[in-house]
Amino acid sequence: MKKYRVNKTKHVDQTKTVSFDFDGKSYHGFEGDTLASALLSNGVHLVGRSFKYHRPRGIMSCGSEEPNAICQINEDTDLTEPNVRATEIELYEGLKASSQNCWPSVNFDIGGINNFISPFIPAGFYYKTFMWPKNFWKKIYEPLIRWSAGLGKSPTKPDPELYDHKHVHCDILIIGGGISGIIASKIAAKNNLKTILIEDKNILGGSTIFQKNENYKINDKYSGEWIDAEIAELKKLDNLTIKTRTSLAAYHSYNYLLAKENISDHLPLDKRNGSIRQRLWKIRADKVIVATGAIERPLVFNNNDRPGIMLSNSVKKYLDFYGVSCGLNNVIFTNNDSAYETAVSLKEKGISVEMIDIRKKSNSKIVKNAEQLGIKIYWNSTVVNTFGHKKINSIEIMNLSEDGSNVVGNKIRINCDCLAISGGWTPMVHMHTQSGGKLDFREIDQTFIPNEIEKNHINVGSCNGDFELEEIINNTNKKVKNFLKVSKTEFDNTSVLNSKELDKKNIWLLPNYISEGKCKSFIDFQNDSTAKDIKLALREGFKSIEHVKRYTTTGMATDQGKLSNMHALGIIADTAGVKMGTLGTTTFRPPFTPLTFGSIVGRSVDNFFDITRKTSIHECHTQNNAKFENVGQWKRPWYYPINDEGLHDAVQRESKAARDSAGILDASTLGKIDIQGTDASEFLNRVYTNAWSKLGIGKCRYGLMLNEDGMVYDDGVTTRLGENHYLMTTTTGGAANVLSKLEDYLQTEWPELDVYLTSVTDHYSTASICGPNSKKILKKLFPDKDFSDDAFPHMSYQNGKIDEINCRIMRISFTGELSYEINIESKYGKSLWEKCIEAGKEFKITPYGTETMHLLRAEKGFIIVGQDTDGTMTPIDLQMDWIVSKKKYDFIGKRSLYRSDTIRDDRKQLVGLLTDDPYEILEEGAQIVSDMSKKPIEMIGHVTSSYFSPNLNKSIALAVVKSGKKMKGQKLIVPMENKNINVTVSDSVFLDKENKRINA
Amino acid sequence: MFLINCPYCGERDQSEFTCGGEAHIVRPKQPTELSDDQWAEYLFMRKNIKGVQFERWNHAHGCRKWFNMVRDTSNDKIHAVYKMGEKPPVV
Chain A
1 MKKYRVNKTK HVDQTKTVSF DFDGKSYHGF EGDTLASALL SNGVHLVGRS FKYHRPRGIM
61 SCGSEEPNAI CQINEDTDLT EPNVRATEIE LYEGLKASSQ NCWPSVNFDI GGINNFISPF
121 IPAGFYYKTF MWPKNFWKKI YEPLIRWSAG LGKSPTKPDP ELYDHKHVHC DILIIGGGIS
181 GIIASKIAAK NNLKTILIED KNILGGSTIF QKNENYKIND KYSGEWIDAE IAELKKLDNL
241 TIKTRTSLAA YHSYNYLLAK ENISDHLPLD KRNGSIRQRL WKIRADKVIV ATGAIERPLV
301 FNNNDRPGIM LSNSVKKYLD FYGVSCGLNN VIFTNNDSAY ETAVSLKEKG ISVEMIDIRK
361 KSNSKIVKNA EQLGIKIYWN STVVNTFGHK KINSIEIMNL SEDGSNVVGN KIRINCDCLA
421 ISGGWTPMVH MHTQSGGKLD FREIDQTFIP NEIEKNHINV GSCNGDFELE EIINNTNKKV
481 KNFLKVSKTE FDNTSVLNSK ELDKKNIWLL PNYISEGKCK SFIDFQNDST AKDIKLALRE
541 GFKSIEHVKR YTTTGMATDQ GKLSNMHALG IIADTAGVKM GTLGTTTFRP PFTPLTFGSI
601 VGRSVDNFFD ITRKTSIHEC HTQNNAKFEN VGQWKRPWYY PINDEGLHDA VQRESKAARD
661 SAGILDASTL GKIDIQGTDA SEFLNRVYTN AWSKLGIGKC RYGLMLNEDG MVYDDGVTTR
721 LGENHYLMTT TTGGAANVLS KLEDYLQTEW PELDVYLTSV TDHYSTASIC GPNSKKILKK
781 LFPDKDFSDD AFPHMSYQNG KIDEINCRIM RISFTGELSY EINIESKYGK SLWEKCIEAG
841 KEFKITPYGT ETMHLLRAEK GFIIVGQDTD GTMTPIDLQM DWIVSKKKYD FIGKRSLYRS
901 DTIRDDRKQL VGLLTDDPYE ILEEGAQIVS DMSKKPIEMI GHVTSSYFSP NLNKSIALAV
961 VKSGKKMKGQ KLIVPMENKN INVTVSDSVF LDKENKRINA
Chain B
10001 MFLINCPYCG ERDQSEFTCG GEAHIVRPKQ PTELSDDQWA EYLFMRKNIK GVQFERWNHA
10061 HGCRKWFNMV RDTSNDKIHA VYKMGEKPPV V
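These protein sequences, in sequence, are chains A and B.
Quick note on this note's numbering: the first sequence kicks off at 1 and runs consecutively.
Quick note on this note's numbering: the second sequence kicks off at 10001 and runs consecutively.
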């Protein structure tokens, strides 16, 4: 371990050892390490296999752009998590991590055979190959692809961790705690603005924090020391909130941003103490300053993917921040000055390093410095090949031709154990584009930079294309001043010593003496797409970058265009002979880095997943052993089993009791809307299909509500409580939508109507008592009241009192039985129910649930909106012509009832079905056919409701059937999986056609 | 997630609102006098513009008032918010 830990830094405490497991082997690192830096300090580069060819892959970077070092952590525990970047996970005692995408192991991977058959699996291989033979798909191709596809293993158990959400507002949000983010935060907070600074690492300072070099100075201090002092001051500012370990996931419109804070992920499992694991911050900021920095570009050359090939700036960070040298014998391959910082840093620590530069020369101070230190530089050269299977051991280089399009001269072989590459820098414009911002292409260094026309955010620092220290400080200061309307800042006269030149040579695909077809020059390391794949896609006719991306899978999965996109674009532009700026870019979509499902869901799990609504009578039902059914958010009693009764037996018993003596139902969940105003009657006339003007005070009426397209929308009984006062009931599930619809018409189409709507669903509880003995029970509850048919007829309502508590009694029926509904203020619901049960005891009053309610109404052929209708049924289709007023000039949906489509007589119409075998019960949803001989067999309808009626002692069903109205008596067939059931079309009213029971 | 300036309550988060589709489609006063085609025009035909669109919105989890809004669907910029019955602004 000592071998590679060559440097002491203040960020890693080399006195505190941390032990961890990787791929079943134990290692040691130190406090302050990431999993990646700890592995590298142990000389471990090989961490995974590539997705398609299963080539050995090593750690390539030190941040969120890492394409290879993707691990499964804490496997075999409930906390296991796939696709964690080793470069981002902070090392803790006992961490267990393993490689993904290899079988049986990362060192010996069967899938590696793909590498040798790679000429046969080019881009679009799947689309081209698995087409034929057709019958291979289901049994062979699909299972095989499914087995080999996918990254990592999902946890199999519920996540035991806690997650949290927090909503915050601020004046200024700054994304990124590097040098420009720090400058921006200081200016904002010092000018009395409520500021939040978020940074995804555990400390602020970005890459400036590990700069300690004569070549980079701010106000005559090493830039690293200067930033340390700035950070110390920053922490003292009152109106600045600094959130480290917090990564921005999404930047939505109107400055609404999501950020994920890691709270306990860096702690050993036994120290997490059940605290919150991650918190999702939902931030609404007045202004946003994006300072997300830049990502170093790789170079694209043959075999550029071996373990040990890394980004140059990452090699520097591992050395200067973590104290780890990625190799002892380094070669750096570059096209720009920034890689010389890495070279100088290595050399100063006595580590061997040589440079290969595709440029012919550079006159910058840093390059001169490197030469003075005796670093060998191969100018005008390129790497043409690399060697070493599981780790790089040597490279081959050649000179470039004059125009850089080819290689010339002899091959030189150089031994190395680490090849650092630098292709320049790509500004992280993800946030800018996620917010809707556009990009401009800058020719000089071939970068896309933000085009700022938006007024509510700016980009500063290297994400804005400012790569040199001087530019970064001065431009950030200037831009932030303008943005926040500040006239003077402490950064106005900062002196900066800069040592680099912008001069850079760009060759997207480096030339080679080996033919293109035999080169493996990777563009997207994670998805294994190569330069060859891009060119093939172009030859096959793909032009749009969005199409090339999907065909070759470049920039997909966790990369999301971070490392790979620029090269793909560059190669497309070169090959097609067009300007890169004209190609556009692919779309950068949130999340920028993956979010856990836990953080998205937050506390909305288990009982908090959705609201549960219970009636005030609920407790009586649970005491009575009720089984519940979900109706929207409501819990409604489904049936009340006695002893070990099942659904069928309970429902048969309940249904019989309700018709033979008395049953009681909790009807509190029905929607209730209080309607008042001088135009209330006119309003009802417009929203229901039937007439309402002549309904007397104290009377009730059933109403059917349509959509403007003529289709049945809702139904229910409305009671006229006073001259200008109605109480409307709606279906349980439709309550909220009906209210919204009525409000919409009132506010937008008929604002002249004097009508007021109030939802009173929760205000009243309802007990519905039905059966031949219901009148006797009501008499016991209201001894002073006259319940004779003359004094209290069907479809009327009266006020009553139970123990001085006001009730409304409606004599209405959804079962066809003599029936009363008692409404009482919700808080008395339970006591009302208990009194009803007590009063009904001598008549064996039987509580019944929704299943029995459905059966009883089906016996009478009453529809349930949403069960017998599905948004395509008109009242005419339902054979409910009687409820559609012919006299009214207009109501919602009237005109649609005689559109060419709605007057067709071959529409599906509601009918009854009787099975030839009376004990055969049809399945709801079963298809209905009339002619089995003609293939394909035509489906002419389906069963909507089906029950065994204990009162008729036979099976009954409702169905919708094409031209059903004309089919009464006709034989039809309901084909099931193992038999065909013969049925006869009947009337949809099965019981008591004369409606005698209502007045029994 | 945009911020919507409800004409009755002020600026609120989008999650409090529901969109009711294209605005300024008036329900015909005499539907029975319309041909099938004319009625279908009212019933079914809605614009789906990439650009400036006039929309109905409802402050469903707030004052429950309906109002109109001018929104550019290509960038979600809200150009104007006005009450039902008010004249649409020129954008």
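C-beta atoms are modelled at their ideal positions from N, C-alpha and C, and glycine is treated no differently.
A/Asn215 vs A/Ser544 beta-carbon contact at 9 Å: Result no, Cβ atoms of A/Asn215 and A/Ser544 do not sit closer than 9 Å.
Chain B contacts from the segment 892 to 904 of chain A (Cβ-Cβ distance under 8 Å): Residues of the segment 892 to 904 of chain A whose Cβ lies closer than 8 Å to any Cβ of chain B, in chain order: Lys894, Arg895, Ser896, Arg899 and Ser900.
Beta-ladder partner(s) of A/Pro1001, from DSSP: Outside the shown range of chain A (1 to 1000) lies residue 1001 of chain A, about which nothing can therefore be said.
Below-9 Å beta-carbon distance, B/Ala10080 vs any chain A residue: B/Ala10080 does not count as touching chain A.
Environment of A/Gln100 [buried if 16+ CB atoms lie within 10 Å]: By the neighbour-count rule (16 or more Cβ atoms within 10 Å), A/Gln100 is buried.
Distance between beta carbons of A/Gly94 and A/Leu267, contact taken as under 8 Å: In fact, because the Cβ distance is near 10 Å, the residues do not count as touching under 8 Å.
Touch test, the segment 479 to 488 of chain A against the segment 357 to 366 of chain A, Cβ-Cβ under 8 Å, three pairs minimum: Touching, no, given that fewer than three Cβ pairs across the two stretches are closer than 8 Å.
Any C-beta of chain B under 9 Å from that of A/Glu977: The beta carbon of A/Glu977 sits no closer than 9 Å to any beta carbon of chain B.
Runs of beta strand (DSSP E) wholly within the segment 322 to 348 of chain A (minimum 3 residues, chain order): The segment 322 to 348 of chain A contains these whole beta strand (DSSP E) runs: 329 to 334.
Cβ contact check for the segment 24 to 31 of chain A and the segment 343 to 350 of chain A: 3 or more pairs under 8 Å: These segments do not touch.
Cutoff 9 Å: B/Thr10073 Cβ touching any chain A Cβ: At a cut-off of 9 Å, the C-beta of B/Thr10073 has no neighbouring C-beta in chain A.
Counted within 10 angstroms of its Cβ, other Cβ atoms place A/Gln446 as buried (16 or more) or exposed: When all chains shown are included, A/Gln446 counts as buried.
Chain-ordered residues of the segment 10052 to 10071 of chain B with a beta carbon less than 8 Å from chain A: For the segment 10052 to 10071 of chain B, which is checked against every Cβ of chain A, the residues closer than 8 Å are Arg10056, Asn10058, Ala10060, Arg10064, Lys10065 and Trp10066.
Near-chain B residues of the segment 678 to 712 of chain A - C-beta to any C-beta below 8 Å: Taking a C-beta cut-off of 8 Å against chain B, the contacting residues of the segment 678 to 712 of chain A are Glu708 and Asp709, listed in chain order.
Selection of the segment 738 to 757 of chain A by Cβ proximity to chain B, strictly under 8 Å: Shown in chain order are the members of the segment 738 to 757 of chain A whose Cβ falls below 8 Å from a Cβ of chain B: Ser740, Glu743, Asp744, Gln747, Thr748, Glu749 and Pro751.
Burial state of A/Pro307 (16 or more Cβ within 10 Å): Buried: at least 16 other Cβ atoms inside 10 Å.
9 Å Cβ cutoff met for A/Asn724 and A/Ala680: Cβ distance < 9 Å, so A/Asn724 and A/Ala680 count as in contact.
Where A/Asn385 falls: helix, strand or coil (DSSP): Three-state DSSP puts A/Asn385 in a strand.
Of the residues A/Tyr4, A/Gly32, A/Phe22 and A/Lys3, the one placed nearest A/His11, counting alpha carbons only: Distance from the Cα of A/His11 is smallest, within the candidate group A/Tyr4, A/Gly32, A/Phe22 and A/Lys3, for A/Gly32.
Cβ pair count under 8 Å reaching 3, the segment 724 to 744 of chain A against the segment 650 to 664 of chain A: In short, these stretches do not touch, since the Cβ pair count stays below three.
Three-state secondary structure (DSSP) of A/Glu924: Reduced to three states, the DSSP call for A/Glu924 is coil.
A/Ile472 to A/Thr748 span [Cα, whole Å]: If you draw a straight line from the Cα of A/Ile472 to the Cα of A/Thr748, it comes to about 55 Å.
Sequence ranges, alpha helix (DSSP H) only - wholly within the segment 575 to 629 of chain A, length at least 4: Segments of the alpha helix (DSSP H) lying fully in the segment 575 to 629 of chain A: 597 to 601 and 618 to 623.
Cα-Cα separation between A/Asn951 and A/Ser668, rounded to whole angstroms: Approximately 26 Å, taken between the alpha carbons.
Contacts of A/Tyr254 in chain B (Cβ-Cβ under 7 Å): For A/Tyr254, the neighbours in chain B by C-beta distance under 7 Å run, in chain order, Met10001, Phe10002 and Leu10003.
Helix, strand or coil at A/Gln909 [DSSP, three-state]: Strand, per DSSP.
Proximity of A/Ile864 and A/Thr731 at Cβ, strictly below 9 Å: The answer is yes: Cβ separation under 9 Å.
Neighbouring residues, chain B, relative to A/Gly436 (Cβ below 8 Å): Those within 8 Å of A/Gly436 in chain B are Asn10075 and Asp10076.
Cβ neighbours of A/Arg907 in the same chain (closer than 6 Å, five flanking residues each side left out): Within the same chain, A/Arg907 has close Cβ partners Asp877.
Residues bridged to A/Gln676 (per DSSP): In the DSSP output, where bridge partners are listed per residue, A/Gln676 has A/His725 and A/Tyr756.
Beta-carbon spacing of A/Ile289, A/Ala184 below 9 Å: For A/Ile289 and A/Ala184, yes; Cβs fall inside 9 Å.
Counterpart residues of A/His28 in DSSP-defined beta bridges: Answer by DSSP bridge pairing, in chain order: A/Ser19.
The segment 188 to 198 of chain A / the segment 165 to 174 of chain A touching (three or more Cβ pairs under 8 Å): Taking a cut-off of 8 Å for Cβ pairs, the segment 188 to 198 of chain A and the segment 165 to 174 of chain A touch, as three or more such pairs fall below it.
Other residues of its chain near B/Asp10013: CB distance less than 7 Å, five sequence neighbours each side excluded: Once the five neighbours on either side are set aside, the close Cβ partners of B/Asp10013 are Met10001 and Leu10003.
4-residue-minimum alpha helix (DSSP H) runs that sit fully inside the segment 755 to 798 of chain A, ordered along the chain: Listed in chain order, the complete alpha helix (DSSP H) runs (minimum 4 residues) inside the segment 755 to 798 of chain A are 774 to 781.
is_contact[B/Pro10007, chain A] using C-beta, thresh 9 Å: Interface with chain A (9 Å Cβ-Cβ cutoff): B/Pro10007 is excluded.
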